[in-house]
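Q: Starting off with a structure, shown below.
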Amino acid sequence: YATDLANPPSTLLISLPLMIFTLVAALTMPLAGWRFERIGSSRTFAEGALLTTVGLIGTGLAFSFYDLLGWRALTAIGYAFMYVACQGYVVANASPQQQAGSSALFVSGLMAATICGPAIGGILADHIGYTATFGCAAILASCAGIMAFRLLNAAPLTKPRPRRPTRGLIRALAGNGRFALLMLFAAIPAKLLLNGFLFFLVPLTLSEFGDSRSEIGRIAMIYGLAALFMGPVLARLADRFALHGLLVGVGGLLTGLGLILVFFFPTTTGVLVSVLMLGIGQAMSISSQLALVTGIGRAAIEQFGQGPVLGSYRLIERLGGAVGPLAAAGLAAIFGYPGAITLLGMLGVLTATLFSVSFLILGVEPEADDESPPLELQKA
């Protein structure tokens, strides 16, 4: 769709819609977290659904490439509100012993959408065109908003008042070494590889190989299938045996190695196997990452609240996702699509190795003196 609107089309130019979407969604996460803290899951999701519906309608009716970018930005704001509302609701209603398992159920819902979206979207685009396909997506978004408004808890979640101004949150998180390592070597690379490979390079690579839009959608849905079926099982194992750090490291390594396979097998089958390994690797790491954040950042959550801390995590994570399409486009312009996929895989292996070594040395659980206690406790 972006290629048809871009004139003349180029790899860097057609990466902008995905980059803009991811960047705006990332920058909106803190605002969405603030809204969630004030008005609760139900209304936050409904607001996001309204914005998403309008954005999807505008996307389908876009008359120019830059008009498309604006509508994608609006859709991203709505997506951020909906995402934070769901994630916050899940985390707030899960016990510490069930964080990874509950997060896996949430991720399974996302994976179900990932399974259905590319396949159904590709088939619809082949038969009814892009505009009507985005119209169908807008109808689904509006229906989701109505259902969430009725089903989610409408009352704002009761939270303790922050013990010091929220402006100290950045300093507190920056001073947490384990949090910084988790962001730099796990969360950011995971989103960078997901957006740069699956959502950008896979469609372009398969199109270059001669695959149709429907075939591209079916291959992309392999990622969702793998994550959907393996995510809950792996999350239960992580919760039961405290394997969160191990699964994050192994998942990152598996993802990187899967992408490197394309260098040796630059075919449709090679890309399919890479997508499958990406799904398995992300199933290992996504829910475990969230469990690590709630454990590593426990002191910050007690001081500033769950919403701001998780919002900061999602902001940093999705900034990596925003870089993914642009980095992939730059690499593809120089090394071609298989070469770009291979280099992204090498990056994934490197960062996963650094994460594993770092947490083997430091340990996953913070020591008692690793994090600053709340100010009231210091004064006491």
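Residue numbering for the sequence shown follows our numbering, starting at 842 and increasing by one per position. We put the CB at the ideal spot given by N, CA and C, even for glycine.
Where does Asn1036 sit, in a helix, a strand or coil, going by DSSP?
A: Here residue 1036 refers to the residue found at position 195 of the sequence shown. Residue state, collapsed to three classes: helix.
Q: Measure the alpha-carbon distance for Thr893 versus Leu1201 and round it to whole angstroms.
A: On the sequence shown, position 52 is the one that residue 893 refers to. On the sequence shown, position 360 is the one that residue 1201 refers to. Cα-Cα distance, rounded: 42 Å.
Q: Is Phe1041 closer than 8 Å to Pro1149 when the C-beta atoms are compared?
A: Walking along the sequence shown from the start, residue 1149 turns up at place 308. Walking along the sequence shown from the start, residue 1041 turns up at place 200. Their beta carbons are not under 8 Å apart, which means Pro1149 does not touch Phe1041 by this criterion.
Q: Grouping DSSP H, G and I as helix and E and B as strand, with all else coil, what is Tyr924?
A: Translated into positions along the sequence shown, residue 924 becomes position 83. Three-state DSSP puts Tyr924 in a helix.
Q: Among the residues of its own chain, which have a CB less than 7 Å from the CB of Phe1020, if the five just before and after it don't count?
A: By one-based count along the sequence shown, residue 1020 stands at place 179. Contacts found: Leu1014, Ile1137 and Gly1138.
Q: Rounded to whole angstroms, what's the CA-CA distance from Leu854 to Arg884? Just pull it up for me.
A: The count along the sequence shown starts at 1 and reaches residue 854 at position 13. The count along the sequence shown starts at 1 and reaches residue 884 at position 43. Those two C-alpha atoms are separated by around 36 Å.
Q: Count the other CB atoms, across all protein chains shown, that sit within 10 Å of the CB of Cys927; report buried if there are 16 or more and exposed otherwise.
A: Here residue 927 refers to the residue found at position 86 of the sequence shown. It is buried - the Cβ of Cys927 has at least 16 other Cβ atoms within 10 Å.
Q: What number of angstroms, rounded off, separates the C-alpha of Leu1156 from the C-alpha of Leu868?
A: Reading the sequence shown from its first residue, position 315 is the one you call residue 1156. Reading the sequence shown from its first residue, position 27 is the one you call residue 868. Between Leu1156 and Leu868, the C-alpha separation is close to 6 Å.
Q: Taking the continuous alpha helix (DSSP H) assigned at Tyr1064, which residues delimit it?
A: Locating residue 1064 in the sequence shown gives position 223, where the first residue counts as 1. It spans Arg1054 to Phe1082 - the alpha helix (DSSP H) in which Tyr1064 sits, taken as one unbroken run.
Q: Give me the Cβ distance between Gly1090 and Phe1196, rounded to the nearest whole Å; I'm assuming they're in contact under 8 Å.
A: Here residue 1090 is taken as the residue at index 249 of the sequence shown, counted from 1. Here residue 1196 is taken as the residue at index 355 of the sequence shown, counted from 1. The Cβ separation is near 5 Å, so the contact holds.
Q: Taking buried to mean at least 16 other C-beta atoms within 10 Å of its own C-beta, is Ile1175 buried or exposed?
A: Counting from 1 along the sequence shown, the entry for residue 1175 is found at position 334. With fewer than 16 Cβ atoms within 10 Å of its Cβ, Ile1175 is classed as exposed.
Q: Are Ile861 and Ala914 touching if we call contact CB-CB under 8 Å?
A: Here residue 861 is taken as the residue at index 20 of the sequence shown, counted from 1. Here residue 914 is taken as the residue at index 73 of the sequence shown, counted from 1. Cβ atoms of Ile861 and Ala914: closer than 8 Å.
Q: Pick from Met1187, Asp967 and Ala953: whose alpha carbon is nearest that of Ser1053?
A: The residue you call residue 1053 lines up with position 212 of the sequence shown. Closest option to Ser1053, Cα to Cα, is Asp967.
Q: For Thr1096, is the classification buried or exposed, using 16 other Cβ atoms within 10 angstroms of its Cβ as the cut-off for buried?
A: Looking up residue 1096 in the sequence shown gives position 255. Under this definition Thr1096 is a buried residue.
Q: For Tyr907, does the count of other Cβ atoms within 10 angstroms reach 16, so buried, or fall short, so exposed?
A: Taking the sequence shown and counting its residues from 1, the one referred to as residue 907 is at position 66. It is exposed - the Cβ of Tyr907 has fewer than 16 other Cβ atoms within 10 Å.
Q: Does Thr1108 come out as helix, strand or coil in the three-state DSSP assignment?
A: As a position in the sequence shown, residue 1108 is number 267, starting the count at 1. The answer is coil: DSSP assigns Thr1108 none of H, G, I, E or B.
Q: Please report the Cβ distance between Thr972 and Leu902, rounded to the nearest whole angstrom; I am assuming they are in contact, meaning their Cβ atoms lie under 8 Å.
A: What you label residue 972 is simply residue 131 of the sequence shown in a count that begins at 1. What you label residue 902 is simply residue 61 of the sequence shown in a count that begins at 1. The Cβ separation is near 7 Å, so the contact holds.
Q: Quick one: grab the DSSP three-state call for Phe904.
A: Counting from one through the sequence shown, the residue named residue 904 turns up at place 63. Phe904: coil per DSSP, three-state reduction.
Q: In its own chain, which residues sit with a C-beta less than 7 Å from the C-beta of Ile1063, not counting the 5 before and 5 after it?
A: Position 222 of the sequence shown, counted from the start, is the residue given in the question as residue 1063. Contacts found: Leu1113, Val1116, Leu1117 and Gly1120.
Q: Alpha carbon to alpha carbon, what distance is there between Asn848 and Ala1076?
A: In the sequence shown, the residue the question calls residue 1076 occupies position 235. In the sequence shown, the residue the question calls residue 848 occupies position 7. In this structure, the straight-line span from the alpha carbon of Ala1076 to that of Asn848 is close to 46 Å.
Q: Using only alpha-carbon positions, find the residue among Leu1023, Leu993, Leu1035 and Glu1143 that is nearest to Val931.
A: Within the sequence shown, residue 931 is the residue found at index 90, counting from 1. Sorting Leu1023, Leu993, Leu1035 and Glu1143 by C-alpha distance to the C-alpha of Val931 places Leu993 at the top.
Q: Give me, in chain order, the residues of the same chain whose beta-carbon lies closer than 8 Å to that of Ala1168; leave out the 5 immediate sequence neighbours on both sides.
A: As a working mapping, residue 1168 is identified with position 327 in the sequence shown. If we look at Ala1168 and ignore the five residues flanking it on each side, its Cβ neighbours are Leu1033, Gly1037 and Leu1185.
Q: To the nearest angstrom, report how far apart Leu1160 and Glu1049 are at their CA atoms.
A: On the sequence shown, residue 1160 is found 319 positions in, with the first residue counted as 1. On the sequence shown, residue 1049 is found 208 positions in, with the first residue counted as 1. Approximately 28 Å, taken between the alpha carbons.
Q: Can you check whether the CB of Ala890 is closer than 8 Å to the CB of Gly986?
A: On the sequence shown, position 145 is the one that residue 986 refers to. On the sequence shown, position 49 is the one that residue 890 refers to. Yes. Within cutoff.
Q: By the three-class DSSP mapping on this structure, what secondary structure does Ser851 have?
A: As a position in the sequence shown, residue 851 is number 10, starting the count at 1. Here Ser851 sits in coil by DSSP.
Q: Among the residues of its own chain, which have a CB less than 8 Å from the CB of Leu965, if the five just before and after it don't count?
A: On the sequence shown, residue 965 is found 124 positions in, with the first residue counted as 1. Closer than 8 Å at the Cβ level, and outside the excluded window around Leu965, lie Ala973, Thr974 and Cys977.
Q: Kindly list the residues whose CB is nearer than 8 Å to the CB of Met1125, restricted to its own chain and excluding five residues on each side of it in sequence; keep chain order.
A: Taking the sequence shown and counting its residues from 1, one reaches residue 1125 at position 284. Counting only Cβ-Cβ distances below 8 Å, and skipping sequence neighbours, we find Met1071, Leu1075, Leu1088, Val1089, Val1091, Gly1092 and Leu1095.
Q: Going by DSSP, what residue range makes up the alpha helix (DSSP H) through Tyr842?
A: Here residue 842 is taken as the residue at index 1 of the sequence shown, counted from 1. Here Tyr842 belongs to no alpha helix (DSSP H), and DSSP marks it neither H nor E.
Q: Quick one: using the 10 Å Cβ neighbour count with 16 as the cut-off for buried, is Ala982 buried or exposed?
A: As a position in the sequence shown, residue 982 is number 141, starting the count at 1. Its Cβ being crowded by 16 or more others within 10 Å, Ala982 is buried.
Q: Specify the secondary structure class of Ser1197 as computed by DSSP and reduced to three states.
A: As a working mapping, residue 1197 is identified with position 356 in the sequence shown. If DSSP states are grouped into helix, strand and coil, Ser1197 belongs with the helices.
Q: Look up Ser856 in the DSSP assignment and say whether it is helix, strand or coil.
A: As a first step, residue 856 must be located in the sequence shown, where it is residue number 15. Annotated three-state conformation of Ser856 is coil, per DSSP.
Q: Return helix, strand or coil for Gly1204, following the three-state DSSP convention.
A: In the sequence shown, counting from the first residue as 1, residue 1204 sits at position 363. Gly1204 falls in the coil class under three-state DSSP.
Q: Is DSSP giving Leu1098 helix, strand or coil here?
A: Reading the sequence shown from its first residue, position 257 is the one you call residue 1098. In the displayed model, Leu1098 falls within a helix according to three-state DSSP.
Q: Looking at Gly1152: is its Cβ nearer than 8 Å to the Cβ of Pro959?
A: For this step, residue 1152 is matched to residue 311 along the sequence shown. For this step, residue 959 is matched to residue 118 along the sequence shown. Taking 8 Å as the Cβ cut-off, Gly1152 and Pro959 do not qualify as a contacting pair.
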